[in-house]
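Worksheet: the structure to be examined is printed underneath.
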Amino acid sequence: MSGSFDDEEDPEHSQGPAPAPLDLGRLERPDQLEKVDQYKRRVARKKASVEAMLKTAVQSQLDGVRTGLNQLQSALQDVYQIKQSLDEIEENYRIIEPLHSKLKSLKEENSRFCQLSAAQENLRHIFTVPESVSKTRELIMEGKLLQAHKHLSDLEVSRDDLLLALHRQPNQSPTDKNTLTHYFSEVETLSKDLGKQLWVIIQRTLLSVRREPTMICTALRIIEREERMDSAWSRKYDQTGFLPPGRPKKWRERCFEVLQNSIAGRIEGSQLETRDQNKMWLVRHLEITRQLMIDDLKVVKTLLPPVFPPDYDVVRRYTKMYHRALSAHLQELIDQKLEGNEIVSLLQWIGAYDSPELMRHPELNIDVKELGPLLENNFIVHLRNQYLKNMKQNIAEWSRNTLRTDMKDWIKDEPPDQDGDGFFNTQLPVIIFQMMEQNLQVANIIGQDLVKKVLELFAEELNRFAQEYFIELQGFEERHLADRKEPKYFVHYVIANANNCLAFGEYMKELRKRYIKSDYEEEIADDTEQIRKDPFQQLTDRFLQLAKFCCDIILEELFIDLRESNCLNDLMTRNWMANSNGVETIIATWADYHRDFLHLKPTMYEILLAKGQRRVIKEYLKALLSRKLSFKNYEERKASAEKICAEAEQIKHQFIDMCGKL
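Listed below in structure tokens is the structure:
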């Protein structure tokens, strides 16, 4: 029994998975012997299943081999048949080869027949050429352009076929070609005449599309027909090497050239005046151009697309042509050497080009980025540099003239004006900064980068102006010292100028803060290096020094009065010891001038008092240390010391009192 089981389990006779091994140890037990038959049946079933799978696999492989052999047999038969057919074809070619030479004469005869047939057909056209030419010319004059083009095309076909036939002849005759060309010479003239009519229509596209759009359609149909003829002859040229007279006509290209020229003409025609006729000629010209562009592009966007073929992409192309023509026209204007405000007007107009005022108009909304810049950057830079150059000249002239006008007020027999706080001033800083404010507003419209350059230019020119101002103040003082009676209100106007100088610095800071605060904002209050580099801060310091110079002039005027009163010379003298009232004179003089000093702005008032106090003390100490006053006894020394202390207290209280009135 165990031997039988070993045979069943032999792996050499099994192709499927091996059955589970029998536990013989368990079978030796008496209670497991009755399961022997059950194990035998299970092993038999597994064996039968493996044998069935093996037979199926072998059968499948045999079927595949059989199918492959059949296909190879069929392919072999096809190869034999193809070879047999090729042999038959080769044999037939050998048989009919002599037929080519036998039919050569027939081929030549057929060629002559075709030529004669074409000549016979062309003869009818040749004989009617003069009549066709006249009829075509008449149709052109009557404006029947489609019919005229039909006749013209027939004439061109006759001419071109004859010239092509001559071209194909082995022995070409120049005489025959010249005769034909001369005979059909009117055809090319008619083509030009028809073209002129088309270009008139195309030139008036914007007008015609509103009144007679069919005229534009007619012109475009003729242009497209000629384009197709150009293409056809281009292909024939590659085959024959022949090209008829006047080809290619390139009428589509010419159409776009006419449109471009018409746009340029419309822009140039909007200039109604010259500089000699009207100083505002450029402003009017640019405004008319703006309105014209908007109106024209509205028509282009709404009316032209239904009329022009889609591949013309007429809206984009026309807009680009307008952009290009406008750019060329603006360059011509720049080449004319624009003056003064003309540059400003042009820069403002260019700045508004990509805005709702023009290309971004609600009914247009054209993206100019696709068109490129209206003017190259070098033109813009040139305009701005010229604008700044003109502004520099104007500022120098305006400031100089304003100063001269202001100086006339300095010698008037009436005191200067006062502001709401009672401080003396003149109109000098107000006029100059009003002019600057106007220019900054204009620059701000043109571009923020220009604002900064304008402000820097102002700072530069005001530095130069400060030097002129200083020289004129020196001259004003010298003329007064020559005759102290004139002008009557000398001190008052010096005070006004001190206030003016302070106003210059304040105005400049205000302009800087308003227009370019972020560029010069002081991050650290005590950053002296930053302040030194700031041209506006330097300008403020410059005018502050000028204001201090005015304070020096005022103090000099006061001390001249003190010297003339001899009160300073009496100090530390016997007369002073006896009962001199020199300090009282100093205090009284200061009190007299102090009524005028109250018209100084607080900053300058403080500076003046500080300078005056130092100078009074200096003069007093100078007298104390320079004069050799001999005392006879202790009482004199004591009295003098007490007098010095008392006068020091007087001076101290006087200045404290004046400071309290600030």
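First residue of the sequence shown: 1, per full-length UniProt numbering; consecutive thereafter.
Cβ atoms here follow ideal geometry from the backbone N, Cα and C, with glycine treated the same way.
Between Lys298 and Glu363 the beta-carbon gap is near 6 Å, inside 8 Å, which marks them as a contact. In this structure, the CA atom of Leu76 is about 10 Å from the CA atom of Ile82.
Judged by pairs of C-beta atoms under 8 Å, the region 404 to 418 touches the region 485 to 494, as three or more such pairs exist. Under the three-state reduction of DSSP, Asn401 is assigned to helix. Within the region 194 to 241, the runs of alpha helix (DSSP H) at least 4 residues long that lie entirely inside it are, in chain order, 205 to 211, 213 to 240. Counting only residues of its own chain and dropping the five nearest sequence neighbours on each side, Val283 has a CB closer than 7 Å to the CB of Ser345. Exposed is the label assigned to Gly64, since fewer than 16 other Cβ atoms lie within 10 Å of its Cβ.
For the pair Pro306 and Cys255, the Cα-to-Cα distance works out to about 17 Å. For secondary structure counted as the alpha helix (DSSP H) over 4 or more consecutive residues, the region 424 to 469 holds these complete runs in sequence order: 428 to 446. Distances from the alpha-carbon of Glu268 to those of Gly505, Lys320, Pro309, Ala325 put Ala325 closest.
By alpha-carbon distance to Pro309, the top candidate from Ile216, Ala52, Ile263 is Ile216. DSSP lists Phe424 as the bridge partner or partners of Gln418. Distance check between Leu546 and each of Lys135, Ile495, Leu375 places Ile495 closest, using alpha-carbon atoms only.
The alpha-carbon of Leu303 is positioned some 31 Å away from that of Leu152. One thing to note: Leu455 has its Cβ within 8 Å of the Cβ of Leu511. Taking a cut-off of 8 Å on C-beta distances, the region 237 to 250 touches the region 161 to 169, as three or more cross pairs fall below it.
In the three-state reduction of the DSSP assignment, Thr274 falls in the coil class. For Met53, the secondary structure class from DSSP, reduced to helix, strand or coil, is helix. Rounded to whole angstroms, the gap between the alpha carbons of Leu609 and Leu428 is 25 Å. Burial state of Asp367 is exposed, judged by a 10 Å Cβ sphere holding fewer than 16 other Cβ atoms. Cβ neighbours of Ile586 within its own chain (closer than 7 Å, five residues either side excluded): Leu562, Cys567, Val616.
By the C-beta criterion, the region 133 to 141 is judged to be in contact with the region 188 to 202, since at least 3 inter-stretch pairs fall below 8 Å. Judged by beta-carbon spacing, Gln147 lies within the 8 Å limit of Leu139, meaning their Cβ atoms are closer than that value.
Non-local beta-carbon contacts of Arg290 in its own chain, meaning distances under 6 Å to residues more than five positions away in sequence, involve Leu358 in chain order. For Ser158, the uninterrupted alpha helix (DSSP H) segment begins and ends at 145 to 168. About 18 Å separates the beta carbons of Thr181 and Pro248, which is beyond the 8 Å limit, so they are not a contact pair. With a threshold of 16 other beta carbon atoms within 10 Å, Arg159 meets it and is buried. Apart from sequence neighbours up to five positions away, the residues of its chain that approach Met407 with a beta-carbon distance below 8 Å are Glu472, Phe476, ordered along the chain.
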